[in-house]
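In my numbering, the protein residues as written are 4 to 153.
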């Protein structure tokens, strides 16, 4: 799929919480040492890959009531509800594999590959080249050719 600003790929999913993954093919690389852990999330610790709030509260239809009013005042949006501040961590192990650890009990981390499909990460999983990490509404690709994650 092509837009005026970038190209996208859609991967259809047979089952699970998502119907498919829409992946922007324009990379936003984060160069990572093969000995360095990287956190992923809205506010990752240390050397991390930050997924930004896209805002959009004005597009929500709010129910009446004090809880909805409080959520609206605090800037609630889908990204804040689906993605944790410190959501997941990628850590290289001694064999050169990338270990993906889910850091959030409330917000699930998913790993997608053409071989396995979409799987929820409970605890740890191994991420391979060309796998996709799904954090809420964000999709992050793993690419090791140049030591980069995009």
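Built from N, CA and C at the ideal position, the CB exists for glycine as well. What you are looking at is a predicted structure, and each value in this text was computed from that prediction instead of being measured.
Check your understanding: Exposed or buried, what is residue 149 when buried is set at 16 or more other beta-carbons lying within 10 Å of its beta-carbon?
Key -> Its pLDDT being 49, under 50, residue 149 is placed unreliably by the model, and nothing is read from it.
**Study point:** Outcome for residue 120 when other beta-carbon atoms lying within 10 angstroms are tallied against a minimum of 16
**Key:** Residue 120 is exposed by the Cβ-count criterion.
Check your understanding: To which residues of the same chain is residue 93 closer than 6 angstroms at the C-beta, ignoring the five residues directly before and after it?
Key -> Excluding positions up to five away in sequence, the list reads 41, 101, 103.
Check your understanding: Looking at the structure shown, is residue 75 part of a helix, part of a strand, or coil, going by DSSP?
Key -> Residue 75 falls in the helix class under three-state DSSP.
Practice item. State the DSSP-derived secondary structure class of residue 69, mapped to helix, strand or coil. Key: In this structure, residue 69 counts as helix in the three-state DSSP scheme.
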